[in-house]
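K.L.:
Its first residue numbered 1, the sequence shown is counted upward by one per residue in full-length UniProt numbering.
Ideal Cβ placement from N, Cα and C applies to all residues, glycine included.
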Amino acid sequence: MHFLTVPGLASSGPQHWQTIWEKQYPQLFSRVQQVNWDWPVKEEWVSQLQKQISELEEPTILIAHSLGCITVAHWAQEHSSELIKGALLVAPADAELSKRLNFVVNFTPIPVWSFPFESIVVASTNDIYASISRSKVFASNWGSEFINIGKKGHINAVSGLEDWQEGKEILGQLGSFERLPQEATK
Numbered sequence: 001m002h003f004l005t006v007p008g009l010a011s012s013g014p015q016h017w018q019t020i021w022e023k024q025y026p027q028l029f030s031r032v033q034q035v036n037w038d039w040p041v042k043e044e045w046v047s048q049l050q051k052q053i054s055e056l057e058e059p060t061i062l063i064a065h066s067l068g069c070i071t072v073a074h075w076a077q078e079h080s081s082e083l084i085k086g087a088l089l090v091a092p093a094d095a096e097l098s099k100r101l102n103f104v105v106n107f108t109p110i111p112v113w114s115f116p117f118e119s120i121v122v123a124s125t126n127d128i129y130a131s132i133s134r135s136k137v138f139a140s141n142w143g144s145e146f147i148n149i150g151k152k153g154h155i156n157a158v159s160g161l162e163d164w165q166e167g168k169e170i171l172g173q174l175g176s177f178e179r180l181p182q183e184a185t186k
């Protein structure tokens, strides 16, 4: 099983759990690379995700954060791949309602139909980019399991999650694949 991380705005820095997981398991993880992390344009972000998915050679789970979750939703509306077996969608950013996301281009409206693969939406009760109720709506629309992890902010580096063991356990619930190895390769 392969894991493809789909970061949100500004990518995921060195203290973000996505980056930490990539460093722990370099043989299992790769990251979608966007041309412009700071001025997101839906067509460019979805196109880049599709490009990297089209190059996959093994079954893959998408691990998205924030605006990366919305990118996955748009990708699933426009494309498909038999190799995508599931998605972990963490702290989806509400591009429709968040005034903090008024510079993102064409990410609205957010797709409202079910994904053709298993997925889990993980949300926090005090995320400044999406209310818990909106995150539940995303999960319902996308046919995703919904997990409320309490007060964890935007579930990013600022949240102080570091290796985010709870996230690894949730990832282990997704699909019928082996959990991440306990011993990380350095």
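#1: Only counting the same chain, and skipping five residues up and downstream in sequence, which positions put a Cβ closer than 7 Å to that of Q50?
#2: If you scan the region 27 to 67 from start to end, which runs of the beta strand (DSSP E) of 3 or more residues do you find wholly inside it?
#3: If we count Cβ pairs, one from each stretch, closer than 8 Å, do we get three or more for the region 83 to 96 versus the region 53 to 69?
#4: Could you tell me the boundaries of the beta strand (DSSP E) in which I147 lies?
#5: Comparing C-alpha positions only, which one of P116, S114, V41 sits nearest to N106?
#6: Since F115 and G143 are thought to touch, with beta carbons under 8 Å apart, how far apart are those beta carbons, to the nearest angstrom?
#7: Please work out which residues of its chain come closer than 7 Å, Cβ to Cβ, to A157, disregarding the five sequence neighbours upstream and downstream, and give them in chain order.
P.N.:
For this structure:
#1: As a working note, residue 50 is residue 50 in the sequence shown. Around Q50: W75, H79.
#2: 29 to 31, 60 to 65
#3: yes
#4: Position 147 of the sequence shown, counting from 1, holds the residue named residue 147. Segment 145 to 148, the beta strand (DSSP E) holding I147.
#5: As a first step, residue 106 is located in the sequence shown; it is residue number 106 there, counting from the start. Among P116, S114, V41, the Cα nearest to that of N106 is on V41.
#6: Reading the sequence shown from its first residue, position 115 is the one you call residue 115. Reading the sequence shown from its first residue, position 143 is the one you call residue 143. Between G143 and F115 the Cβ distance is about 6 Å, and since that is below 8 Å, they are a contact.
#7: Against the sequence shown, residue 157 aligns to sequence position 157. Within the same chain, A157 has close Cβ partners G13, Q15, H16.
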